[in-house]
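What follows is a single structure, written as structure tokens, with notes after it.
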Amino acid sequence: MEAKEEDVSLGANKYPERQPIGIAAQSQDDGKDYKEPPPAPLFEPGELTSWSFYRAGIAEFIATFLFLYITVLTVMGVLKGPTKCQTVGIQGIAWAFGGMIFALVYCTAGISGGHINPAVTFGLFLARKLSLTRAVFYIIMQTLGAIAGAAVVKAFENKNHFFELNGGGANSVAHGYTKGSGLGAEIMGTFVLVYTVFSAT
Numbered sequence: 001m002e003a004k005e006e007d008v009s010l011g012a013n014k015y016p017e018r019q020p021i022g023i024a025a026q027s028q029d030d031g032k033d034y035k036e037p038p039p040a041p042l043f044e045p046g047e048l049t050s051w052s053f054y055r056a057g058i059a060e061f062i063a064t065f066l067f068l069y070i071t072v073l074t075v076m077g078v079l080k081g082p083t084k085c086q087t088v089g090i091q092g093i094a095w096a097f098g099g100m101i102f103a104l105v106y107c108t109a110g111i112s113g114g115h116i117n118p119a120v121t122f123g124l125f126l127a128r129k130l131s132l133t134r135a136v137f138y139i140i141m142q143t144l145g146a147i148a149g150a151a152v153v154k155a156f157e158n159k160n161h162f163f164e165l166n167g168g169g170a171n172s173v174a175h176g177y178t179k180g181s182g183l184g185a186e187i188m189g190t191f192v193l194v195y196t197v198f199s200a201t
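Every letter in the sequence shown is one number past the one before it in the UniProt record's numbering, and letter 100, counting from 1, is 100.
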């Protein structure tokens, strides 16, 4: 069986010039080696009639509720213990925060994007990755979820006003640090969080 002459001369590639592969094949005319999604519109009224829009908001509410409930309850449990050896301690609190974020983002990423934080939502809005309509809705649902989560903890842990006397498990500046250093730590922590989200999406 004889092969056609053009098949032999050009091999499997019938193009006379070498074609780009891999990253080069994805290049755009502007020289970038990646394709950016189009920016989200500022206002998207059509979202208000979509069930997926409200489902995403419900996911943000539930995720923020569970995050605040578990983490604040963990903090209150540590504060209630007579000694750190009888509680999960500071490392346990860190594991509660990290583990809950890991689990909740995994569960909600495909529904709402797994923001679970108004700072993340606001950052993605500034980058035009979601509309103002969705950003405002997410922030409202996240705030309501956080309030509900803290309220449930208060209902369980407010015997003898324990919840109020311990500031509701809220963060505070540790001894030996100034409010300015606390603010700087919060800014850096929020930057790392939002940067990680941007790197992963």
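All C-beta atoms in this analysis are idealised placements derived from N, C-alpha and C, irrespective of residue type, glycine included.
Predicted model, so just to flag it, every value in this text is computed and none were measured.
For Met100, which of Leu68, Gly169, Val192, Ser172 has the nearest alpha-carbon?
Shortest Cα-Cα distance from Met100 to any of Leu68, Gly169, Val192, Ser172 involves Leu68.
Sequence ranges, alpha helix (DSSP H) only - wholly within the region 105-155, length at least 4:
For secondary structure counted as the alpha helix (DSSP H) over 4 or more consecutive residues, the region 105-155 holds these complete runs in sequence order: 118-126.
Reducing DSSP to helix, strand and coil, say where Val88 ends up.
Note: Val88 maps to coil in three-state DSSP.
Rounded straight-line distance, which links the Cα of Glu164 to that of Gly98
If you take the alpha carbons of Gly98 and Glu164, they lie about 25 Å apart.
Do you know offhand how far Val78's Cα is from Phe102's?
Roughly 22 Å between the two C-alpha positions.
Whole-angstrom distance between Thr49 and Lys179, CA atom to CA atom:
The alpha-carbon separation between Lys179 and Thr49 amounts to approximately 45 Å.
Could you pull out every residue in the same chain whose Cβ sits closer than 6 Å to the Cβ of Ala135, ignoring the five residues on either side in sequence?
Excluding sequence neighbours, Ala135 sits near Thr121, Phe125.
Are the beta-carbon atoms of Ile70 and Ala96 separated by less than 8 Å?
Yes, Cβ-Cβ distance for Ile70 and Ala96 is below 8 Å.
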